[in-house]
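So the structure is just underneath, and the comments pick up after that.
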Amino acid sequence: MGVLLDVKDLVVRFYTQEGVVYAVNGVSYTLNEGETLGIVGESGSGKSVHVLAMMGLIPQPPGKVERGEVIFEGRDLLKMSQRQLRSIRGDQVAMIFQDPMTSLNPVLKVGTQITEGIRLHKGLSQKAARQRAVKLLDMVGIADAKNRIDDYPHQFSGGMRQRVMIAMGLSCDPKLLIADEPTTALDVTIQAQIIDLVKDLKQELGMAMIWITHDLGVVAGIADTINVMYAGMVMERGPIEQVFSDPANAYTLGLLRSLPRMDKSADQQRLVQIEGAPPDMRVEPVGDPFAPRNPWATERDFEEIPPLRSVDDEHPNHLTRAWYDLQEIRRQEAAEGMA
Amino acid sequence: MSDLMQTKPKVKMGEPLVEVKNLKKYFPITSGVLFQREVGAVKAVDNVTFTITAGETLGLVGESGSGKSTTGRTILQLYEPTDGEVLFEGEDLVTMNSSDLRKKRRRMQMIFQDPYASLNPRMTVGRIVSEPLRIHNVMPNKKEQQEYIESLLERVGLNPYYTNRFPHEFSGGQRQRVGIARALALNPSFIVADEPISALDVSIQAQVVNLLQDLQKEFQLTFLFIAHDLSMIRYICDRVAVMFKGKIVELAGTDELYENPVHPYTRDLLSAVPIPDPDVEKQRRRNQAQPEEYLEETSELVEVAPDHWVSKSKAHLAEMA
Numbered sequence: 010m011g012v013l014l015d016v017k018d019l020v021v022r023f024y025t026q027e028g029v030v031y032a033v034n035g036v037s038y039t040l041n042e043g044e045t046l047g048i049v050g051e052s053g054s055g056k057s058v059h060v061l062a063m064m065g066l067i068p069q070p071p072g073k074v075e076r077g078e079v080i081f082e083g084r085d086l087l088k089m090s091q092r093q094l095r096s097i098r099g100d101q102v103a104m105i106f107q108d109p110m111t112s113l114n115p116v117l118k119v120g121t122q123i124t125e126g127i128r129l130h131k132g133l134s135q136k137a138a139r140q141r142a143v144k145l146l147d148m149v150g151i152a153d154a155k156n157r158i159d160d161y162p163h164q165f166s167g168g169m170r171q172r173v174m175i176a177m178g179l180s181c182d183p184k185l186l187i188a189d190e191p192t193t194a195l196d197v198t199i200q201a202q203i204i205d206l207v208k209d210l211k212q213e214l215g216m217a218m219i220w221i222t223h224d225l226g227v228v229a230g231i232a233d234t235i236n237v238m239y240a241g242m243v244m245e246r247g248p249i250e251q252v253f254s255d256p257a258n259a260y261t262l263g264l265l266r267s268l269p270r271m272d273k274s275a276d277q278q279r280l281v282q283i284e285g286a287p288p289d290m291r292v293e294p295v296g297d298p299f300a301p302r303n304p305w306a307t308e309r310d311f312e313e314i315p316p317l318r319s320v321d322d323e324h325p326n327h328l329t330r331a332w333y334d335l336q337e338i339r340r341q342e343a344a345e346g347m348a
Numbered sequence: 135m136s137d138l139m140q141t142k143p144k145v146k147m148g149e150p151l152v153e154v155k156n157l158k159k160y161f162p163i164t165s166g167v168l169f170q171r172e173v174g175a176v177k178a179v180d181n182v183t184f185t186i187t188a189g190e191t192l193g194l195v196g197e198s199g200s201g202k203s204t205t206g207r208t209i210l211q212l213y214e215p216t217d218g219e220v221l222f223e224g225e226d227l228v229t230m231n232s233s234d235l236r237k238k239r240r241r242m243q244m245i246f247q248d249p250y251a252s253l254n255p256r257m258t259v260g261r262i263v264s265e266p267l268r269i270h271n272v273m274p275n276k277k278e279q280q281e282y283i284e285s286l287l288e289r290v291g292l293n294p295y296y297t298n299r300f301p302h303e304f305s306g307g308q309r310q311r312v313g314i315a316r317a318l319a320l321n322p323s324f325i326v327a328d329e330p331i332s333a334l335d336v337s338i339q340a341q342v343v344n345l346l347q348d349l350q351k352e353f354q355l356t357f358l359f360i361a362h363d364l365s366m367i368r369y370i371c372d373r374v375a376v377m378f379k380g381k382i383v384e385l386a387g388t389d390e391l392y393e394n395p396v397h398p399y400t401r402d403l404l405s406a407v408p409i410p411d412p413d414v415e416k417q418r419r420r421n422q423a424q425p426e427e428y429l430e431e432t433s434e435l436v437e438v439a440p441d442h443w444v445s446k447s448k449a450h451l452a453e454m455a
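Line order of the protein sequences matches chains A and B.
Residue 300 in this note's numbering sits at position 291 of the first sequence; the count goes up by one each step and never skips.
Residue 139 in this note's numbering sits at position 5 of the second sequence; the count goes up by one each step and never skips.
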């Protein structure tokens, strides 16, 4: 499968009254056709902002893309005019966001909003566009789509609105679907339904997907590859099973250890907590941004930003940003524990 | 300090501290512009009965709008109940006169979800934490109070010299610690924690949960822990009550509930929780009951196993038979 999206050294800053916010600090990765990439991070990690910047959706000023390239199908999105970007967004790249109520226009019928995009990008007639919209609503599991198409957004529940957003996103057969915390505002049972729906649709339509979330459980079920972000950097990246079973970055390991598991009894063990607090994004990072909270950080981690490197020769696709060797440290700890 | 020390636990560990009996809280739906009239009611809490024993953590779970927060607030009499009883240390808070209720309030506190909205931005942290002391006229000696506040801040993991700082100078996790210190100031025995970690970053949640558990042991606290994060609930709670549309549909010991859920809603809820393990998650099957199955004559709970209560529904009573 070919590379669909190639992000190279993306740097985004915001020039605010309180000073410069170093939001995205050199993000690079590739996404293949048909691949699902899960991007995990806390608030302020840059997980949403770098994607918005890629699509030309951050307000400039105060935001500014300082450098980088975003190659989508051979063309650099960052060099495109707003007009060119608009023809890509909603056609080849679809986006769904956290809050479906604010993404939908409350005074327009749902059908009008879906057909608008289809007619704009695909040049279909009103009638053909409407037929397609009904088919899409049906596909995302909205019962009685033929009649619901004439309802307004407020007549749908939160989960149903998110289904409408997905239908709208899929309306032009995108090659890439970007989902930014699409289930965070939903109840857990509705979240499960939306995730299952998106998984099925992806299987059927074969598009690539970027799923942004703070929930490690959600990515575990949906992603092929995971990027773990912190302080505007990718800290670890790799095949999902590998990153979860043998994390190579102290931040990833810290997150996994601090999470209680619903499928395991508590046994009165203390949660292993990550000490300290998230970094102040108004300070330009000089070293590994997680070093102050990392018990295994070396002196070099405080002084020099480590590159994102392969864990070892056997796992060229498993990358970590660290001067320390976490897997070796853990092997030694395990050996000492045995002795 | 002497005043605070008088409020020693009246209820021994393991005995009922809070008894909620047939609690109802309806909010009226009104219509009309000039002459408002009631046209119906939202049954936010609809005939809820349970007991919290001293020293335990009871989890209250359910989705948004299920009535879990309203239940917590109605127990503390922040909302006036429509009907029912709330016995605290054996006395009914609902029928109690206001001066007695005021005294009881010292023993019951609340920790809120949003540490950004629940702290007054114009008050220093020292004033925020000492406010309950001033309201209840305990520890009038300024020096003594100052020392006490500093020791509280230190106990919740904050620098004691932060008393003159304002909430905006703190991160979300630190603000939640301020909220916890305030809740502890009057040496309460019962705390309603309403989604205390859901607004916090993932890397901060474990810190706050560990702190709450340490404080529980140290101060012999009893918690009603309201949350929608079912993984954290399993970790933190001794028993769990599942709410749906204002009613409790299942109540059991934590491991029993998670391993042998009986009510179709509990089963759906548990099967929907994502687990941070790709090997597990990719093979999981989700339950999908019909919402109509959830509520069928659900006001009465029947005991299906020792201390495992499930609301009566024809469907699974038949299934169990």
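Glycine included, every Cβ here is placed at the ideal spot set by N, Cα and C.
Using a Cβ-Cβ cut-off of 8 Å, B/V414 is close to A229, D272 of chain A, given in chain order.
Distance from the CA atom of B/T216 to the CA atom of B/M230, rounded to whole angstroms, is 15 Å. Interface residue (Cβ-Cβ distance to chain A less than 7 Å): B/Y295 is not classified as such. Contact residues of the region 352-375 of chain B toward chain A are H362, L364, S365, M366, R368, Y369, I370 (C-beta to C-beta distance below 8 Å).
Fully enclosed beta strand (DSSP E) runs of no fewer than 3 residues occupy 72-81 of the region 50-83 of chain A, in order along the chain.
In this structure, the beta-carbon distance from B/E219 to B/K155 falls below 7 Å.
For the set A/Q107, A/V60, A/P68, A/S134, the Cα lying nearest the Cα of A/Y38 is the one of A/V60.
Among the residues facing chain A, B/I409 is included, as its CB has a counterpart in that chain under 7 Å away.
Spatial neighbours of B/N293 in its own chain (CB-CB distance under 8 Å, excluding positions within 5 residues in sequence) are listed in chain order as L287.
The contact set of A/R279 on chain B, defined by CB atoms closer than 7 Å, consists of N344 in chain order.
Counted as a single uninterrupted DSSP element, the stretch harbouring A/G168 is not any beta strand (DSSP E) but the alpha helix (DSSP H) occupying residues 167-179. With contacts defined by Cβ atoms closer than 7 Å, A/M244 and A/Y260 form a contacting pair. By the rule that beta-carbons nearer than 7 Å mark a contact, B/A406 touches chain A. With the rule of 3 Cβ pairs closer than 8 Å, the region 370-385 of chain B counts as touching the region 186-197 of chain B. Residue-level contact by beta carbon fails for B/V312 and chain A, as no gap is shorter than 7 Å. B/L157 sits close to B/V179, with the two beta carbons spaced by under 7 Å.
Bridge partners of B/N275 according to DSSP: none are assigned.
For A/H324, there are no neighbours in chain B by C-beta distance under 7 Å, as the nearest C-beta there is about 16 Å away. Assignment of A/S90 by DSSP, reduced to helix, strand and coil, places it in the coil class. Closest in C-alpha terms to A/D233, from the list A/G241, A/A240, A/H223, A/R246, comes A/R246. The Cβ of B/A340 sits closer than 7 Å to at least one Cβ of chain A. Of all residues in the region 249-269 of chain A, only I249, E250, F253, G263, L264, L265, S267, L268, P269 place a beta-carbon less than 7 Å from a beta-carbon of chain B. Below 8 Å, enough C-beta pairs join the region 209-227 of chain A and the region 40-53 of chain A to call them touching: three or more. A Cβ-Cβ contact shorter than 7 Å links A/D272 with B/I409. Under the DSSP definition of a beta bridge, B/F378 partners with B/K381.
Taken atom to atom, the span from the alpha-carbon of B/F169 to that of A/V116 is near 30 Å. With a contact defined as Cβ atoms closer than 8 Å, A/V102 and A/V16 miss out at about 13 Å. As computed with DSSP, B/H442 is found in a beta bridge with B/A439. Just measuring C-alpha positions, the residue of A/E42, A/M10, A/A275 sitting nearest A/L185 is A/E42. By the Cβ-count criterion, A/E312 is exposed, with fewer than 16 other Cβ atoms from all chains shown falling within 10 Å of its own Cβ. For the pair B/K159 and B/T208, the CB atoms are nearer than the 7 Å cut-off. Taking a C-beta distance under 7 Å as the contact criterion, A/Y24 and A/M290 do not qualify as a contact pair. In this model, B/S305 and A/N258 are separated by some 24 Å (Cα to Cα). Minimum Cα-Cα distance from B/A333 among the listed residues B/E390, B/Y296, B/S252, B/K276 corresponds to B/S252. Short of 7 Å from the beta carbon of A/V12, and not among the five residues preceding or following it, lie these beta carbons of its own chain, in chain order: T39, N41. Across the region 209-227 of chain A, CB contacts with chain B closer than 8 Å involve H223, D224, L225, G226, V227, in sequence order along the chain.
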